[in-house]
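Inspection log for the structure reproduced underneath, given as structure tokens.
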Amino acid sequence: MRRFPAGTRPGPAAPLSALVFKIDNDAHGRVVWARLFSGELHMRDQVLVDGSSVQRVTRLEVVAPHGSEPRGAGPGDIARLRGLSGARIGDWLGQRGRNADSGWLPEANFEAVVEPIDPADRGRMFAALTTLTEQDPLIGLRVEDGGEVAVSLFGEVQKDVLSSLLADQFGITVRFQETTVRRIERVDGAAEAVADMKEGDSAYLATLGLRVAPAPAGSGLRVQLAVERGSMPPAFFTAAEAGIRAGLSQGRYGWPIPDAQVTITRTGYSARQSHAHRKFDKSMSSVGADFRNLAPMLVHRALAHGA
22 MRRFPAGTRP GPAAPLSALV FKIDNDAHGR VVWARLFSGE LHMRDQVLVD
72 GSSVQRVTRL EVVAPHGSEP RGAGPGDIAR LRGLSGARIG DWLGQRGRNA
122 DSGWLPEANF EAVVEPIDPA DRGRMFAALT TLTEQDPLIG LRVEDGGEVA
172 VSLFGEVQKD VLSSLLADQF GITVRFQETT VRRIERVDGA AEAVADMKEG
222 DSAYLATLGL RVAPAPAGSG LRVQLAVERG SMPPAFFTAA EAGIRAGLSQ
272 GRYGWPIPDA QVTITRTGYS ARQSHAHRKF DKSMSSVGAD FRNLAPMLVH
322 RALAHGA
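Quick note: the sequence shown uses our numbering, first residue 22, plus one each step.
Below you can see the structure in the form of structure tokens.
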């Protein structure tokens, strides 16, 4: 039984809102680090991840001054979680936080192309760098038109750190080209793109329309609705926004677009359904991944049409 200080009693339970800020691996497997802003989290809880999938926490520890403690987490706690195999850095657990649109990580100002000493290691190098980006949110990758891989940097020292990590953890020796200033892209004008799940040969059970327009420098991304919020489940809006951010992370020329105003102009989905006496059928029902994967395609289509 939980106890509360004399003269107090618990109020209504606040919804869970926690941000994934780090992912690493130890001898027992994958560990997801999250900071709780509201609500509580306990072992065996089922958690909404990134607004699109529900996963169960199989182990939970709270970071404490003298080590990690196996107990429930509350607001302000840093939790180490297992079982959330689909979670990625920047995902929200439960509800999206009020500060979700503010920059919570600094932007790197430099980048450099990295290549393996042995050309045969190119595929392994890219896979290793992808793993490192999951573990460290300050590492960013960009693939150039010629297939070269550029890594975002905060300084020259980071080259030595990445070289050591690739050599020690993955057995891959690399070299970096000269460091250059990291560029960005700007949206010049407004343009729209729409995909209807009832038309054409769309691979996604989702209808989505987006209008991409310029935004003042330094204002970041603003996503707004020109449709009723009840036009589809909240998780689908969250998934669509995640896809919009992914689409803007690499513009038409491969550089990120930090400032833009994107309006969701049209929505549609196929309600959850199943065949008689059978379980949920993905081929008949929309899921968050449909909107998360469709949105980047529409962003780039709008950019190509003049945004």
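Glycine residues also receive a C-beta, built at the ideal position from the N, C-alpha and C atoms.
Exposure of residue i, with buried meaning 16 or more beta-carbon neighbours within 10 Å
{"i": "Tyr274", "result": "exposed"}
{"i": "Val190", "result": "Sequence check: residue 190 is Gln here, not Val. Classification of Gln190: exposed, given that the 10 Å Cβ count is below 16."}
{"i": "Val172", "result": "buried"}
{"i": "Pro140", "result": "exposed"}
{"i": "Arg232", "result": "buried"}
{"i": "Asp71", "result": "buried"}
{"i": "Phe175", "result": "exposed"}
{"i": "Gln67", "result": "exposed"}
{"i": "Arg117", "result": "buried"}
{"i": "Arg266", "result": "buried"}
{"i": "Leu178", "result": "It is Val, not Leu, that sits at residue 178 in the sequence shown. That one is exposed."}
{"i": "Thr201", "result": "exposed"}
{"i": "Gly327", "result": "exposed"}
{"i": "Ala188", "result": "exposed"}
Cα-Cα separation, residue i to residue j
{"i": "Ala100", "j": "Arg56", "result": "6 angstroms"}
{"i": "Arg51", "j": "Ala211", "result": "42 angstroms"}
{"i": "Met146", "j": "Ala35", "result": "44 angstroms"}
{"i": "Asp209", "j": "Ala292", "result": "37 angstroms"}
{"i": "Ala251", "j": "Thr288", "result": "Looking at the sequence itself, residue 251 is Gly, so the reference to Ala does not match. Using only the alpha carbons, I get a separation of about 10 angstroms."}
{"i": "Trp276", "j": "Thr194", "result": "27 angstroms"}
{"i": "Ala263", "j": "Leu242", "result": "11 angstroms"}
{"i": "Ile285", "j": "Ser223", "result": "19 angstroms"}
{"i": "Gly93", "j": "Asp166", "result": "47 angstroms"}
{"i": "Glu169", "j": "Glu249", "result": "43 angstroms"}
{"i": "Pro235", "j": "Gln76", "result": "37 angstroms"}
{"i": "Pro137", "j": "Gln198", "result": "11 angstroms"}
{"i": "Leu37", "j": "Arg196", "result": "44 angstroms"}
{"i": "Gln245", "j": "Ala48", "result": "43 angstroms"}
{"i": "Glu82", "j": "Leu324", "result": "44 angstroms"}
{"i": "Leu226", "j": "Ala216", "result": "10 angstroms"}
Closest residue to residue i among the options (Cα-Cα distance)
{"i": "Arg109", "options": "Arg77, Asp98, Glu155 and Gly176", "result": "Glu155"}
{"i": "Leu150", "options": "Val135, Pro140, Gly97 and Asp139", "result": "Val135"}
{"i": "Phe257", "options": "Asp47, Leu315 and Gly161", "result": "Leu315"}
{"i": "His321", "options": "Asp311, Glu213 and Ser306", "result": "Glu213"}
{"i": "Ile278", "options": "Val182, Glu206, Glu177 and Leu162", "result": "Glu206"}
{"i": "Gly107", "options": "Arg65, Ser89, Val41 and Leu162", "result": "Val41"}
Cβ-Cβ separation, residue j to residue i (assumed contact under 8 angstroms), whole Å
{"i": "Leu62", "j": "Val84", "result": "Leu62 to Val84, Cβ: 13 angstroms. No contact."}
{"i": "Gly309", "j": "Ala238", "result": "Gly309 to Ala238, Cβ: 32 angstroms. No contact."}
{"i": "Ala39", "j": "Leu114", "result": "4 angstroms"}
Ordered list of beta strand (DSSP E) runs contained in the stretch 143-228, each at least 3 residues: 162-164, 170-174, 195-197 and 212-216
At which residue ranges does the stretch 231-273 contain complete beta strand (DSSP E) runs of 3 or more residues, listed in the order of the chain? 242-246
Within the stretch 51-101, ranges of the beta strand (DSSP E) (whole runs, at least 3 residues): 67-70, 74-77, 80-85 and 88-90
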